[in-house]
Each structure stands twice: as structure tokens, then as C-alpha cells.
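Here is the structure we will look at, set down as C-alpha cells.
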Amino acid sequence: MSSFLSTFFAVFTVGCALGVVLNRNAVNAAMCLLLSLIGVAALFVRLDAYLLAFLLLLVYAGAVVTLFLFIVMLLDVQGLAQPGRRGPGVAGTVIAIALLAGGIATFVLKGRLATPPPGALAAPGASLKLYASELFTVYLLPVQVVGFLLLVAMLGVIVLSKKDSAAGGRDGD
Amino acid sequence: MFPNTINTYLLISALLFAIGFLGVLVRRNTLVIYMCLELMLVASTLALVAFSRFNGSMDGNVFVFFILTVAAAEVAVGLAIIVALFRKRQTLQVDRLDGLRN
Chain A
0 MSSFLSTFFA
10 VFTVGCALGV
20 VLNRNAVNAA
30 MCLLLSLIGV
40 AALFVRLDAY
50 LLAFLLLLVY
60 AGAVVTLFLF
70 IVMLLDVQGL
80 AQPGRRGPGV
90 AGTVIAIALL
100 AGGIATFVLK
110 GRLATPPPGA
120 LAAPGASLKL
130 YASELFTVYL
140 LPVQVVGFLL
150 LVAMLGVIVL
160 SKKDSAAGGR
170 DGD
Chain B
0 MFPNTINTYL
10 LISALLFAIG
20 FLGVLVRRNT
30 LVIYMCLELM
40 LVASTLALVA
50 FSRFNGSMDG
60 NVFVFFILTV
70 AAAEVAVGLA
80 IIVALFRKRQ
90 TLQVDRLDGL
100 RN
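Sequence lines, in order, name chains A and B. Here the first sequence is numbered in numbering that gives the first Met the number 0, starting from 0 and rising by one per residue. Here the second sequence is numbered in numbering that gives the first Met the number 0, starting from 0 and rising by one per residue.
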């Protein structure tokens with residue numbers, strides 16, 4: 000049963016990822032991204048990383064995809080799609096697909112990492128206590144740097160949107 | 000059917016990364032390209048979690064923690080840039096954003 004669920008979520012994740020690439024509509028692509036992220040979170044659960052699965056859903060599905068949908072609807076890209084424009088070059092697409100398929104095939108055929116049997120190792124990602132002790136001892140400096148990064152990003156977004164509305168003139172908002 | 004080994008997860012991760020990369024190459028809408036970038040980022044986190052799980056180590060998990068934070072900041076800034084770009088050029092198609100060509 001567990002194996003069936005894992006297979007299902009693996010196929011689901013990859014299929015929805017294909018949906019992101021193949022959908023013409025940006026809103027549908029964002030929805031496929033959301034489903035694909037849910038599949039990845041399920042795989043995280045299968046890997047006993049419960050906290051990371053929760054955080055992935057919270058940050059990506061909750062914040063990032065919502066932001067994407069918000070921007071797609073704010074900009075109304077659908078109405079601006081020009082008909083009859085040339086797509087990507089056929090040769091370029093074929094070469095890209097061939098390179099990627101070759102890489103994956105090499106990986107499937109040659110990539111054989113020795114792994115311990117399941118259950119031989121304790122799952123470190125399952126315990127919340129380990130995250131806390133790692134983050135606040137070994138990784139204390141990166142945590143502070145990341146906090147600073149978030150502050151800088153927030154300031155950057157404020158400056159970007161402010162400058163634009165000052166320079167763009169009175170265009171609505 | 001689903002061998003619970005590191006190779007399986009690395010294969011899924013590689014597939015996701017390849018699909019995301021393909022999307023970056025073939026799509027023309029900046030927003031969709033950005034979504035595909037996020038997909039590649041998530042694929043790399045899946046590989047990190049798998050490595051961490053099958054080596055009994057905590058480092059990969061903590062690294063994913065930081066990747067999630069940086070991705071959130073990156074999306075906020077990137078989308079602000081896209082909105083600013085759209086207001087300036089009125090398009091999101093990458094082949095019409097060719098201001099550096101001439």
C-alpha cells in the first residue's frame with residue numbers, strides 16, 4: 000500500500016510538472032505547479048521529513064503559488080497573448096529534449112548509488128528537536144544571514160514598487 | 000514497484016529538474032518561466048532530502064530549510080521586478096523584451 004501511494008505520488012508529481020510546461024494558460028500552469036508541489040510534499044513525508052513537507056506546503060503552496068496567481072490575474076496576461084507569433088524554434092526544442100532525455104537515460108542506466116536498506120538508518124528529519132538544535136548551534140550564523148536577507152528582500156520590493164509608481168506616472172493606482 | 004532507495008528519489012528529482020529546465024527553454028511567458036524555475040528549485044530540494052534521509056544526516060534537511068527561505072524572498076523580489084517590467088513595456092513575452100539587442 001505504501002509502495003502504491005509512493006508510485007502514485009511520484010507519477011502525479013512528474014505529470015503535474017509536465018502540465019506546468021505544456022499548459023498554454025498561465026493560471027492553469029500555476030494550478031499544476033500547486034498540484035506538483037503537493038506531490039513533492041507527499042514524497043517528503045515518505046522520506047520522513049514531516050516538518051519540511053509542512054513547510055513546503057505552507058511556503059510554496061500557501062504563499063508562492065498564491066503570489067503567482069495574484070500576479071497573473073493582476074497583469075491579465077491572457078488578454079495580451081498575440082496570435083500568430085512564432086513559437087520556440089523546432090531545432091532548439093528538439094535539441095533540448097534530446098539532451099535532457101540523454102541525461103536522464105544515462106542517469107537511469109549508470110547511476111547506481113549504494114544505499115543502506117530502508118530502516119537501517121534512523122530518520123533524522125523526523126524529529127523537530129534535531130532541527131532546533133542544528134539551527135541554533137551549528138547554523139546560527141546562516142539563520143541570521145537569512146533573516147537579514149528577508150529584510151533586504153522586503154526593502155527591495157518596497158523600493159521597486161515605489162519607484163515604479165513614481166516614474167510610471169498616473170496610470171491607475 | 001517503487002523501490003524505496005535513493006536512486007528512485009534522485010530519478011524523480013532529475014525528471015522534475017529536466018521538466019523545469021525544458022520549460023525555461025521553450026516557454027515564452029516570463030511568469031511561466033519563473034514557475035519553471037521554482038520547479039527546478041523544488042527538484043533540488045527533493046534530492047537534498049533524499050540524500051539526507053539515506054545518509055542518516057541532518058545537513059541536507061537544514062539546507063532545504065534555507066532554500067525554502069531564499070526561494071520565498073526570491074519570488075517576492077522577482078515578481079516585483081516582473082510587475083515593474085510589465086508596467087514599463089506592457090508585455091511579458093521574452094522575445095519582445097529585447098531592449099539590450101540594439
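Virtual Cβ for every residue (Gly too), placed ideally from N, Cα, C.
- Message: Comparing C-alpha positions only, which one of A:T105, A:D75, A:L150, A:S160 sits nearest to B:A71?
- Response: Taking the second sequence and counting its residues from 1, one reaches residue 71 of chain B at position 72. The shortest Cα separation from B:A71 among A:T105, A:D75, A:L150, A:S160 belongs to A:L150.
- Just the chain B side, please: which residues come within less than 7 Å of A:Y138 by C-beta, in chain order? In the first sequence, counting from the first residue as 1, residue 138 of chain A sits at position 139. Chain B residues near A:Y138: V61.
- Sequence-distant residues of the same chain with beta carbon closer than 6 Å to A:G83, five excluded per side: Numbered from its first residue, the first sequence carries residue 83 of chain A at position 84. The predicted model places A:G83 with a pLDDT of 48, which falls under 50 and marks its position as unreliable; any figure quoted below should be read in that light. Excluding sequence positions up to five before and after A:G83, its CB lies less than 6 Å from no other CB in the same chain.
- Query: B:T90 and B:L96 look like a contact to me (Cβ under 8 Å); what is the Cβ gap, rounded to whole Å?
  - Reply: Taking the second sequence and counting its residues from 1, one reaches residue 90 of chain B at position 91. Taking the second sequence and counting its residues from 1, one reaches residue 96 of chain B at position 97. 7 Å between Cβ atoms; contact.
- B:N6 in three-state terms, based on DSSP: Working through the second sequence from its first residue, we reach residue 6 of chain B at position 7. In this structure, B:N6 counts as helix in the three-state DSSP scheme.
- Message: Less than 8 Å between CB atoms is the rule here; does B:A17 satisfy it with respect to chain A?
- Response: Taking the second sequence and counting its residues from 1, one reaches residue 17 of chain B at position 18. Under the Cβ criterion of 8 Å, B:A17 is counted among the residues facing chain A.
- Query: Is the shortest distance between the beta-carbon of B:V41 and the beta-carbons of chain A less than 8 Å?
  - Reply: Locating residue 41 of chain B in the second sequence gives position 42, counting from the first residue. Contact of B:V41 with chain A is assigned, a C-beta pair being separated by under 8 Å.
- Item | Ordered list of beta strand (DSSP E) runs contained in the stretch 41-112 of chain A, each at least 3 residues | Counting only runs of 3 or more, we get nothing.
- Task: Consult DSSP for B:Q92 and reduce its assignment to one of helix, strand or coil.
- Result: The count along the second sequence starts at 1 and reaches residue 92 of chain B at position 93. The answer is strand: DSSP assigns B:Q92 an E or B state.
- Pick helix, strand or coil for B:V28, following the three-state DSSP scheme. Sequence index remark: in the second sequence, residue 28 of chain B carries index 29 (1-based). Sequence inspection shows Asn at residue 28 of chain B; the Val mentioned does not correspond to that position. In this structure, DSSP gives B:N28 an extended state, which the three-state scheme calls strand.
- Query: chain A partners of B:L96, CB-CB under 9 Å?
  - Reply: Residue numbering aside, residue 96 of chain B sits at position 97 when the second sequence is read from its first letter. The contacting residues do not exist; B:L96 stays about 13 Å from chain A at best.
- Message: Assuming the contact rule is C-beta atoms closer than 8 Å, A:L55 and B:L67 should be a hit. Round their C-beta distance to whole Å, please.
- Response: Position 56 of the first sequence, counting from 1, holds the residue named residue 55 of chain A. Position 68 of the second sequence, counting from 1, holds the residue named residue 67 of chain B. At roughly 7 Å, the Cβ-Cβ gap stays under 8 Å, so A:L55 and B:L67 are in contact.
- Can you tell me which of A:A125, A:L127, A:L134, A:A9 puts its alpha carbon nearest to the alpha carbon of A:G38? For this step, residue 38 of chain A is matched to residue 39 along the first sequence. Taking A:G38 as reference, the option from A:A125, A:L127, A:L134, A:A9 with the minimal CA-CA separation is A:A9.
- Task: Can you pull the chain B residues whose beta carbon is under 7 Å from the beta carbon of A:F43, in chain order?
- Result: Along the first sequence, one-based indexing puts residue 43 of chain A at 44. Going along chain B in sequence order, the residues near A:F43 (Cβ under 7 Å) are V48.
- Task: Could you say which of A:G155, A:C31, A:V137, A:L46 lies nearest to A:S2 if we only look at CA atoms?
- Result: For the purposes of this step, residue 2 of chain A is taken as residue 3 along the first sequence, with counting starting at 1. Across the set A:G155, A:C31, A:V137, A:L46, the C-alpha of A:L46 shows the shortest separation from the C-alpha of A:S2.
- Item | Limits of the alpha helix (DSSP H) - the one that A:G18 falls within | Against the first sequence, residue 18 of chain A aligns to sequence position 19. For A:G18, the enclosing alpha helix (DSSP H) begins and ends at 1-21.
- Query: How big is the Cα-Cα spacing for B:V48 and A:L129?
  - Reply: In the second sequence, the residue the question calls residue 48 of chain B occupies position 49. In the first sequence, the residue the question calls residue 129 of chain A occupies position 130. Roughly 15 Å separates the two Cα atoms.
- Query: In this structure, does DSSP put B:G19 in helix, strand or coil?
  - Reply: Locating residue 19 of chain B in the second sequence gives position 20, counting from the first residue. In this structure, B:G19 counts as helix in the three-state DSSP scheme.
- Task: Decide if B:G59 is buried, meaning its Cβ has at least 16 other Cβ atoms within 10 Å, or exposed.
- Result: Numbered from 1 along the second sequence, position 60 holds the residue referred to as residue 59 of chain B. Its Cβ being crowded by 16 or more others within 10 Å, B:G59 is buried.
- Task: Can you grab the Cα-Cα spacing for the pair B:S12 / A:L154, in whole Å?
- Result: Residue numbering aside, residue 12 of chain B sits at position 13 when the second sequence is read from its first letter. Residue numbering aside, residue 154 of chain A sits at position 155 when the first sequence is read from its first letter. When rounded, the distance between both Cα atoms is 33 Å.
- Task: Give a yes or no on whether 8 Å exceeds the smallest Cβ distance from A:G83 to chain B.
- Result: The sequence position of residue 83 of chain A within the first sequence is 84, counting from 1. Only weak support exists for where A:G83 lies, its pLDDT of 48 falling under 50; the coordinates are left without a value.
- Query: How would you call A:L139, buried or exposed, if buried means at least 16 neighbouring beta carbons within 10 angstroms?
  - Reply: Residue mapping note: residue 139 of chain A aligns to position 140 of the first sequence, counting from 1. Label assigned to A:L139: exposed.
- Task: Anything in chain A within Cβ reach of B:L38, meaning under 9 Å, just list it in chain order.
- Result: Residue 38 of chain B sits at position 39 when you count from the first residue of the second sequence. Going along chain A in sequence order, the residues near B:L38 (Cβ under 9 Å) are A16, V19, V20, L32, S35, L36.
- Message: Within 8 Å of any Cβ in chain B, is that where the Cβ of A:V58 sits?
- Response: Residue mapping note: residue 58 of chain A aligns to position 59 of the first sequence, counting from 1. Chain B contact via Cβ: present.
- Task: Output yes if chain A places a C-beta closer than 8 Å to the C-beta of B:V76; else output no.
- Result: Within the second sequence, the letter at position 77 stands for residue 76 of chain B. Answer yes: the Cβ-Cβ gap between B:V76 and chain A drops below 8 Å somewhere.
- Message: Determine, for A:F67, whether the minimum Cβ-Cβ distance to residues of chain B falls below 8 Å.
- Response: On the first sequence, residue 67 of chain A is found 68 positions in, with the first residue counted as 1. With respect to chain B, the C-beta atom of A:F67 has a partner C-beta closer than 8 Å.
- Message: Give me the chain B residues within the contact set of A:V13, using Cβ-Cβ distance strictly less than 8 Å, ordered along the chain.
- Response: Start at 1 with the first residue of the first sequence, and residue 13 of chain A comes out as number 14. In chain order: I11, L14, L15, I18.
- Item | B:R52, DSSP secondary structure in three states | The count along the second sequence starts at 1 and reaches residue 52 of chain B at position 53. Reduced to three states, the DSSP call for B:R52 is helix.
- Relative to the alpha-carbon of A:L127, which residue among A:L32, A:L42, A:C31, A:F53 has its alpha-carbon at the smallest distance? Numbered from its first residue, the first sequence carries residue 127 of chain A at position 128. Here the closest residue by C-alpha is A:F53.
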